[in-house]
Amino acid sequence: METLKNIKIGETVRVESVGGEGALRQHFLDMGLIPGAEVTLVKYAPMGDPMELRLHGYELTLRLADAEQIGVCPVASKKEAVKKEHRHKKSEHPGLGEGGRFHAKDDGVPLEKGTVMRFALVGNQNSGKTTLFNRLTGSKQHVGNFPGVTVDRKDGAIKGHPDTLITDLPGIYSMSPYSSEEIVSRNFVLNEKPHAIINIVDVTNIERNLYLTMQLLEMNIPMVVALNMMDELTSNGGTIDINQMERRLGVPVVPISAAKNKGIEELVEHAIHIAYYQERPLRYDFCAKNENGGAVHRCLHGISHLIEDHAESVDLPIRFVTSKVIENDKLVIDKLGLDQNELETVEHIVSQMEKERGLDRSSAIADMRFSFIHRLCDDTVKKPAESREHIRSRRIDRFLTGKYTAIPAFILIMGLVFFLTFNVIGAFLQGLFETGVDKLTEHTDKALTNAHVNEVIHDLVIDGIFAGVGSVLSFLPIIVTLFFFLSLLEDSGYIARVAFFMDKILRKVGLSGRSIVPLLIGFGCSVPAVMSTRTLPSERDRKMTILLTPFMSCTAKLPIYAFFVNAFFPKRGGLIMIGLYLLGIVSGIIAAYIFKGTLFRGEAVPFVMELPNYRLPSAGNVLQLLWEKAKDFLQRAFSVILIATIAVWFLQSFDLKLNMVEDAGDSILAKIAGIFAPIMKPVGLGDWRILVALISGFMAKESVVSTLKILYSGDVASAMSSLTAACLLVFSLLYTPCVAAIAAVKRELGKKWALAEVVWQCAVAWLATLVIRAILLLIGVG
Amino acid sequence: MNIADIVILAVIGLAVALAVRYIVKSSKKGGCCGDCGSCGGCSRHQQ
Chain F
1 METLKNIKIG ETVRVESVGG EGALRQHFLD MGLIPGAEVT LVKYAPMGDP MELRLHGYEL
61 TLRLADAEQI GVCPVASKKE AVKKEHRHKK SEHPGLGEGG RFHAKDDGVP LEKGTVMRFA
121 LVGNQNSGKT TLFNRLTGSK QHVGNFPGVT VDRKDGAIKG HPDTLITDLP GIYSMSPYSS
181 EEIVSRNFVL NEKPHAIINI VDVTNIERNL YLTMQLLEMN IPMVVALNMM DELTSNGGTI
241 DINQMERRLG VPVVPISAAK NKGIEELVEH AIHIAYYQER PLRYDFCAKN ENGGAVHRCL
301 HGISHLIEDH AESVDLPIRF VTSKVIENDK LVIDKLGLDQ NELETVEHIV SQMEKERGLD
361 RSSAIADMRF SFIHRLCDDT VKKPAESREH IRSRRIDRFL TGKYTAIPAF ILIMGLVFFL
421 TFNVIGAFLQ GLFETGVDKL TEHTDKALTN AHVNEVIHDL VIDGIFAGVG SVLSFLPIIV
481 TLFFFLSLLE DSGYIARVAF FMDKILRKVG LSGRSIVPLL IGFGCSVPAV MSTRTLPSER
541 DRKMTILLTP FMSCTAKLPI YAFFVNAFFP KRGGLIMIGL YLLGIVSGII AAYIFKGTLF
601 RGEAVPFVME LPNYRLPSAG NVLQLLWEKA KDFLQRAFSV ILIATIAVWF LQSFDLKLNM
661 VEDAGDSILA KIAGIFAPIM KPVGLGDWRI LVALISGFMA KESVVSTLKI LYSGDVASAM
721 SSLTAACLLV FSLLYTPCVA AIAAVKRELG KKWALAEVVW QCAVAWLATL VIRAILLLIG
781 VG
Chain B
1001 MNIADIVILA VIGLAVALAV RYIVKSSKKG GCCGDCGSCG GCSRHQQ
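Chains as they are written, first to last, in the numbering used here: chain F, 1 to 782; chain B, 1001 to 1047.
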């Protein structure tokens, strides 16, 4: 049989069989790669792998090795032409979720007064959940144009309804848990039992989105379907018969545009109504009795009766567990506690169904769901031929993911981002900021002198707080500028393409293309980078990516680089900056090779990812993110760094008997740092002041600069050699991430890994500095 | 020690107290595993 791997660009084929096993195979099926589905090969990534496919109206990426497991056959090229044109008749509005229609006015069994109504916001990745969450709650969570921006759940009350609590969950494609973020969402719906679900459906990709809707309906929880991006569909000439869709699904259906704030009030009204009156879906049985001989229908209903008592005893919805038992979902089967006899009966029923239907168990269930969806969409949805957004994306992709242009374009874009940040916009703004901080310090100094303030307090304010916090503050513009560009890239949808064409390169070091996202975020900050690894579906890839994140130089290290480059290597600033970033990347690659051969043997997980359309980043969203980053930086400057600078000032100004010292070498700080001096001497960093600065950098990287400024009384440049400065730069680049990042690692992987990360990074930094120092000494840098 | 010294020390003391409060508060916030029934240790429970 021919496989998907061998088809030509532009060729459309029909899926015959889906190979593979376990969760990955289930994921293929959930993404719509089911027997009978038509798939078109759009293109290959620049290095020939992975491939971009188009199916069910959206783009999916798949590696050649995985495509080889999918059997296909040619499809009649004229099929689209013979497809009959549906004219939607006007149908009556069923009025679900509205007072006086589904039940008589003021009738029904409402929740007790004062009950806080809990809602779950569930939908596919990149369907606009967080945008809707922000509209509903008035909060300002970050949204992006990349599948998997939300990796954690967020809560808030619906505006004007304090008796509600809505939870924004990470995006999922189905209720079969594939990655840890999908488990977060599934566990929430199953264990927390929200009063109602708001299911957000991206209408520009409606078939695949409705697949999750069908599984949510099986949960038998009150639900409202929000058809998002309706404006995009209608502006391209598409329509949806909402009334008929509502009647067929048996739950309220509300068209909205979360980005344009349309339909939100109606959605809230319906959601609150169904939650308050606990109006459950009118149907969850979508298997037709006569479809394909009725094998799936009989199998579902037979097993449903067999396990009904078990489902009730563990309080799980019967239809949901039946589907999961048929799909052989071990988590659900174990929870049900079926005895051997029942398990065998289930197996017999499933075997019979497979024989009659001619499909394996998982494919048969997926096929049943997609068959219903296709019938529903044929009758209710008029799709535009091709949306303007898709045409635009296709055109842009010709260049940005083109065979010969993708990698040069990526290097050009990243180079431009760094050039504009460090040499043009960021550097200019930093200059202005520095002047402001210097002026403020000067005026404060004068004011304190005129007020005859005590000498010690004067010293604390000017040489402690202003030197420390002030020096760090001046780097705010550079950090905000870099985040501005990173957020533009993410919001536009470009980062998803980077993952697509970098997959083959990353696979060489044992990672998948999806790991590029946490690694790129790592250039901003390690904390969100570590958290974003939750989108990776394998534990191996997650651990490996987390351990590699610290090699990507975060923005908090920028003040260190900028300070030393300005002081010691002003003429070769750009070169050294790029060199440092490259050194981090190269060290990361070496570390990845070591990991691949030792701790994490084996192959990276398959690369199955959706490619979203390019979108113009929203100014509000970008500004919001910049404000959040600036606020976060300022909060750190006035909390961690303030305390660190005061502590450093105190410890270097007093001796163990709490007498003020003339020479800082007699201070408490010098005594403590002296303990570590022998270890750091071989790498040229044995000076106690440097050691103290590095220790304070563990609290926040920015405080390395502030501490050095305090300890060297502002004159670091003349007190340190170029060789020491270079060694310090290399060590700062690679040594342990800050305490916040380590806390994030602890949350994700546990205490042992967090501790191991600290020790490992310090060892790597020590070794790398030793090598670089030897090289510099050899070439005569002294 | 004059009045200016006392005022400055009080302001610095207040700033440090607020900074410590902020650090303690933010260190308590954590990610969510989704299984709140048997966990109960994340920011959601501190709202």
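Beta carbons: idealized from backbone N, C-alpha and C, even for Gly.
| Query | Result |
| --- | --- |
| Partner residues on chain F for B/L1009, Cβ-Cβ distance less than 7 Å | I457 |
| Cross-chain neighbours of B/V1024 in chain F, by beta carbon under 7 Å | Per Cβ cutoff of 7 Å: no residues; B/V1024 is ~10 Å from chain F at best. |
| Neighbour flag for B/A1017 against chain F, beta carbons, 7 Å | no |
| Interface flag, F/S783 vs chain B, CB-CB below 7 Å | Outside the displayed range of chain F (1 to 782) lies residue 783 of chain F, so it cannot be described from this structure. |
| Under 7 Å by beta carbon: chain B residues contacting F/S127 | Going along chain B, no residue has its Cβ under 7 Å from F/S127, so there is no contact; the nearest lies around 19 Å. |
| Cα-Cα separation between F/I349 and F/E279, rounded to whole angstroms | 33 Å |
| Cutoff 8 Å; reference B/A1019; Cβ partners in own chain excluding five residues on either side | none |
| Residues bridged to F/C73 (per DSSP) | F/R14 |
| Chain-ordered chain B contacts of F/V430 [CB-CB under 7 Å] | A small correction: the amino acid at residue 430 of chain F is Gln; Val does not occupy that position in the sequence shown. The premise fails here: F/Q430 is roughly 24 Å from chain B at the closest Cβ pair, so nothing lies under 7 Å. |
| Straight-line gap, F/E327 to F/V498 (C-alpha atoms, nearest Å) | 34 Å |
| Neighbour-count burial assignment, F/R850, 16 or more Cβ in a 10 Å radius | Past the boundaries of the shown model lies residue 850 of chain F; chain F is included only from 1 to 782, so the question cannot be answered. |
| Contacts that F/S639 makes with chain B (C-beta to C-beta distance below 7 Å) | A1019, Y1022, I1023 |
| Cβ contact check for the stretch 472-484 of chain F and the stretch 431-451 of chain F: 3 or more pairs under 8 Å | yes |
| Closer than 7 Å to chain B by CB, F/I240 | no |
| Rounded separation between F/D687 and F/L767 - CA only | 18 Å |
| Limits of the beta strand (DSSP E) - the one that F/H452 falls within | Careful: F/H452 lies outside any beta strand (DSSP E) and carries neither H nor E. |
| Under 8 Å by beta carbon: chain B residues contacting F/I816 | Nothing about residue 816 of chain F can be reported from this structure: the residues present for chain F run from 1 to 782 only. |
| Collapsed DSSP secondary structure at F/M175 in the structure displayed | coil |
| Among F/S696, F/S706, F/L728, nearest to F/K819 - alpha-carbon criterion | Past the edges of chain F, shown from 1 to 782, lies residue 819 of chain F, and the structure says nothing about it. |
| Exposure of F/S721, with buried meaning 16 or more beta-carbon neighbours within 10 Å | exposed |
| Residue closest to F/V461, alpha-carbon to alpha-carbon, out of F/E342, F/I646, F/Y561 | F/I646 |
| Buried versus exposed call for F/F370 [16 or more other C-beta atoms within 10 Å across all chains shown] | buried |
| Closer than 7 Å at the beta carbon, the chain B residues around F/A451 | A1004 |
| Alpha carbon of F/A288 to alpha carbon of F/E11, nearest angstrom | 32 Å |
| Within 7 Å, strictly: CB atoms of F/S174 and F/Q215 | yes |
| Local Cβ density within 10 Å of F/Y404, reported as buried at 16 or more and exposed below that | exposed |
| Same chain only: Cβ atoms within 6 Å of F/P617, ignoring 5 sequence neighbours per side | L488, D491, S492 |
| Burial state of F/Q340 (16 or more Cβ within 10 Å) | exposed |
| Contacting positions in the stretch 646-680 of chain F - beta carbon closer than 7 Å to chain B | I646 |
| Whole-angstrom distance between F/Y284 and F/K585, CA atom to CA atom | It should be pointed out that residue 585 of chain F corresponds to Ile in this sequence rather than to Lys. Rounded to whole angstroms, F/I585 to F/Y284 spans 51 Å at the Cα level. |
| Within 7 Å, strictly: CB atoms of F/I34 and F/D360 | no |
| F/V730 to F/L519 span [Cα, whole Å] | 19 Å |
| Partner residues on chain B for F/Q635, Cβ-Cβ distance less than 7 Å | Y1022 |
| Closest by C-alpha distance to F/V314, when choosing among F/V254, F/R135, F/L338 | F/L338 |
| Spatial neighbours of F/H458 in its chain, beta-carbon cut-off 7 Å, leaving aside the 5 residues before and after | L448 |
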